[in-house]
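Undergrad: First the structure, then my questions, so here it is.
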Amino acid sequence: MGQGSSMGRFAVFAMLGVACLPLASARAQDADPAGAIMLVAAPRLVDPDYRATVLLAVPIENNRHVGVIINRPTGRTLSSLFPEHAPSKLVRDPVYFGGPMLRQAIFAVVHADHTPGPGSIQMMKELFLATQGAVVDHIIEETPNEARYYVGYVAWRPGELRQEVDRGLWYVLDADPELAFRKDPGSLWEELLRRARAVTARVTAAAPAPLGLVSVLGVE
Numbered sequence: 563m564g565q566g567s568s569m570g571r572f573a574v575f576a577m578l579g580v581a582c583l584p585l586a587s588a589r590a591q592d593a594d595p596a597g598a599i600m601l602v603a604a605p606r607l608v609d610p611d612y613r614a615t616v617l618l619a620v621p622i623e624n625n626r627h628v629g630v631i632i633n634r635p636t637g638r639t640l641s642s643l644f645p646e647h648a649p650s651k652l653v654r655d656p657v658y659f660g661g662p663m664l665r666q667a668i669f670a671v672v673h674a675d676h677t678p679g680p681g682s683i684q685m686m687k688e689l690f691l692a693t694q695g696a697v698v699d700h701i702i703e704e705t706p707n708e709a710r711y712y713v714g715y716v717a718w719r720p721g722e723l724r725q726e727v728d729r730g731l732w733y734v735l736d737a738d739p740e741l742a743f744r745k746d747p748g749s750l751w752e753e754l755l756r757r758a759r760a761v762t763a764r765v766t767a768a769a770p771a772p773l774g775l776v777s778v779l780g781v782e
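So the sequence shown is numbered by the working numbering: it starts at 563 and just counts up by one.
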């Protein structure tokens, strides 16, 4: 699992993300999303990068997954990161910590009825993860508050997320786009942990298969 004095520097950082998101552009062309999920860290997951986190994740090709942590706002704003870029001053929400991979890059999860640009990954209906610097720039300049901005992201190798769920590191819930934009996510982990435990208890009582969630991860 920097700062720059202009958005040109910003774009270079964000472009680095594309190299680490294989086949992202192919996903962006799909007519329908392939099934986003919410991942709720189990209490036993004590890695400091993931402890008490909630992630929005989506499968991509070859049984891989990518996602962002949605409940870790940082103390920084886009305007503090890019003080010479005037459109960044229009973004009201803080920048969020999206994950430990490419912490120097900026990504955006944006509400849009079509792909915001090359390299974007459709996560849900009208919800995209923008990975390329030029695309993120355009979002900030045209619809700055229709998106949430992240430093870093999370990626799993083929089959790795399935293994982590089997080990009891994550609970899996249906994705909820409203939760991805909650203004105050401070209690989100506790809330979803209670919900996930209740769902798991019902599934186990009805049919004692491991979490009853194999198909949602794309593994039969």
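Even glycine gets a Cβ: it sits at the ideal position worked out from N, Cα and C. Here the structure is a predicted model, which is why all the values come from computation and not from measurement.
Considering only C-alpha positions, which residue in the set Ile599, Gln694, Asn707 and His673 is nearest to Leu652?
TA: The residue among Ile599, Gln694, Asn707 and His673 with its C-alpha nearest the C-alpha of Leu652 is Asn707.
Undergrad: According to DSSP, Gly629 sits in a beta bridge with which residue or residues?
TA: Per the DSSP secondary-structure output, Gly629 pairs in a beta bridge with Ala619 and Val716.
Undergrad: Using the beta-carbon count (16 or more within 10 Å), is Gln725 buried or exposed?
TA: exposed
Undergrad: Excluding the 5 residues preceding and the 5 following Asp611 in the sequence, name in chain order all residues of the same chain whose CB lies nearer than 8 Å to its CB.
TA: Answer for Asp611: Met563, Gly661 and Pro662, listed in chain order.
Undergrad: Quick one: is the Cβ of Ile622 within less than 7 Å of any heavy atom of the ligand ATP?
TA: Because no ligand of any kind appears in the structure shown, any question about the ligand ATP cannot be addressed here.
Undergrad: Pull up the DSSP beta-bridge partners for Tyr733, would you.
TA: DSSP lists Val602 as partners of Tyr733.
Undergrad: Over the uninterrupted alpha helix (DSSP H) stretch that includes His676, give me the two end residues.
TA: Here His676 belongs to no alpha helix (DSSP H), and DSSP marks it neither H nor E.
Undergrad: Are there 16 or more other CB atoms within 10 angstroms of the CB of Met569, so buried, or fewer, so exposed?
TA: Note that Met569 scores 39 on pLDDT, short of 50, meaning its location in the model is unreliable and no value can be drawn from it.
Undergrad: Out of Arg665, Arg606 and Pro720, which one is the CA nearest neighbour of Ile631?
TA: Arg665
Undergrad: If you follow the alpha helix (DSSP H) that Gln725 is part of, which residue opens it and which one closes it?
TA: Glu722 to Asp728
Undergrad: Report all residues from its chain with a CB closer than 8 Å to the CB of His700; omit the five preceding and five following residues, and keep chain order.
TA: Pro678 and Gly679
Undergrad: Helix, strand or coil, according to DSSP, for Ala614 in the structure here?
TA: coil
Undergrad: Should the region 720-734 be regarded as contacting the region 687-695, the criterion being three or more beta carbon pairs within less than 8 Å?
TA: Output reads no: the region 687-695 does not touch the region 720-734.
Undergrad: Between Val713 and chain D, is there a C-beta pair that is closer than 8 Å?
TA: The displayed structure is made up of one protein chain only, and chain D is not part of it.
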